[in-house]
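Following: one structure in structure tokens, then a few remarks.
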Amino acid sequence: MRRVNRDTNVVVIGAGTAGMEAACTAAEVGCHTWLLEAKNHVGGLASEISRLPEKKRIADFPQFMKNRIASLDNLMLQIGKRADVASVSALRPHLIVNATGSTPLLPPIEGLRENIDVENGKIFSITGMIDNLAKFTDIKGKRIAVVGAGAVGLDVIEYFTARGAQAVLIEMQDAAGRDLDIITKNAMLTMLDEHQVEQHMNTQLMAVAADHFQVKNTQQTFDIPFDYGFVCLGMRANRTGLDEIERWANANNVKIMNIGDSVMARRIIDGVREGRNVLDALEDMGALGSREAQRIPFLTY
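Per the UniProt record's numbering, the very first residue in the sequence shown carries number 1; after that it's consecutive.
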């Protein structure tokens with residue numbers, strides 16, 4: 001394995017799957033590595049989504065990464081610590097990796113911000129839903145409405161229909177699951193059919209009220225009432241604090257890279273691949289030793 005050829009300090013901001021991969025990769029080649037996480041747990045959105053019973057197998061990967069972190073003496077994990085210029089600069093990094101993930105996308109729709117994820121409210125984002133799972137223990141026969149038929153919205157539909165809820169799906173495009181791989185898409189479309197989910201394609205969310213969505217299709221504007229509503233319009237990159245840290249890094253000749261969902265919300269594998277690319281950054285800095293040639297034995301018969 002290649003090793004760094006000089007003392008190299010790496011600070012990774014965000015302990016989701018992309019950040020954990022970057023931190024482990026840096027530590028495994030000999031860097032003094034710090035992994036800073038603002039929340040009190042690691043794993044990011046992967047760990048949060050895996051709290052849904054239908055998605056519990058996703059937890060295996062964050063757990064694998066936790067075990068990998070625990071095996072590295074030169075990797076220091078600090079949870080409950082929000083990174084800023086002061087805390088990062090104090091570690092004297094040669095390389096900073098930003099991996100702060102993503103947050104739910106909330107477009108400027110009338111009533112949305114006033115009603116979503118509020119105390120005693122009925123409307124939730126995906127993170128709000130997961131944080132309030134205990135609230136949804138008795139949902140048989142309840143009417144739930146989900147805006148957004150991408151991966152997240154379909155996960156919400158799957159969770160509630162499996163527990164006896166009546167579901168309505170609202171999607172601006174002409175079909176559900178357009179961002180899914182073919183196998184997952186077919187499974188989700190089958191789920192929609194089996195649970196007789198009421199579907200409104202080519203339908204746009206116009207306004208949000210406490211107990212109904214106002215939507216518009218090509219023919220009319222109408223209301224969709226619900227017991228619980230969920231707005232799943234995708235995720236957006238979380239760049240909180242990055243601009244200030246970038247300015248400090250550039251002023252002090254410190255290399256900085258942004259990876260994973262904090263660039264653009266994508267799949268777990270995309271962020272992990274970019275986390276592994278910390279090796280390329282170390283190589284560009286001249287901090288990574290050359291590859292050792294491996295002797296290939298001759299075959300004898």
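Beta carbons are placed, not taken as given, at the ideal position from N, Cα and C, and that holds for glycine.
In the three-state DSSP reduction, D73 falls in the coil class, being neither helix nor strand. Residue burial is scored here from C-beta neighbours: I144 has at least 16 other C-beta atoms within 10 angstroms and is therefore classed as buried. Cβ neighbours of L112 within its own chain (closer than 7 Å, five residues either side excluded): L106, V208, V231.
Secondary structure at S290: coil, using DSSP grouped into helix, strand and coil.
Judged by their CB atoms, M65 and M20 are nearer to each other than the 8 Å cut-off.
L95 carries a strand assignment under DSSP once its states are collapsed to helix, strand and coil.
Per DSSP, reduced to three states, the secondary structure at G80 is coil, with no helix or strand assignment. If you look at D223, you'll find it isn't in any alpha helix (DSSP H); it sits in the beta strand (DSSP E) that goes 221-225.
In this structure, the CA atom of A59 is about 17 Å from the CA atom of G14.
With respect to M129, V156 sits close: the two C-beta atoms are nearer than 8 Å.
In summary, H32 is buried, with 16 or more beta-carbon neighbours lying within 10 Å of its beta-carbon over all protein chains present. For G229, the enclosing beta strand (DSSP E) begins and ends at 228-231. DSSP places P104 in the strand class (E or B) of the three-state scheme. Here I170 carries a strand assignment [DSSP, helix/strand/coil]. Shortest Cα-Cα distance from I116 to any of L35, P93, A210, L72 involves A210.
With fewer than 16 other Cβ atoms from the protein chains shown falling within 10 Å of its own Cβ, M264 counts as exposed. C-alpha of G275 to C-alpha of A86: approximately 24 Å in a straight line. Taking all protein chains shown into account, G271 has 16 or more neighbouring C-beta atoms within 10 Å of its C-beta and is therefore buried. If you compare the alpha carbons of G80, G260, I256, A151 with that of A237, the shortest gap goes to G260. In the structure shown, N40 adopts coil according to DSSP, grouped into three states.
Runs of the alpha helix (DSSP H) lying entirely within the stretch 104-136, each at least 4 residues long, are 112-115, 126-131 in chain order. In the three-state DSSP reduction, T8 falls in the coil class, being neither helix nor strand. The alpha-carbon separation between Q196 and Q220 amounts to approximately 23 Å. In the displayed model, Q63 falls within a helix according to three-state DSSP. In this structure, the beta-carbon distance from A175 to M201 falls below 8 Å. Annotation: Q199 to A149 spans about 10 Å, alpha carbon to alpha carbon. For the pair F124 and Y228, the Cα-to-Cα distance works out to about 8 Å. Take Q78, set aside five residues on each side of it, and the residues of its chain with a beta-carbon closer than 6 Å to its own are L36, in chain order. Beta-bridge partners assigned by DSSP to T33: V10, L75. The continuous alpha helix (DSSP H) containing N250 extends over residues 242-251.
Out of I126, D193, I182, the CA that lies nearest to the CA of G234 is found in I126. Sequence-distant partners of Q173 (beyond 5 residues in either direction) whose C-beta falls short of 8 Å from its own C-beta, in its chain, are A149, M201, N202.
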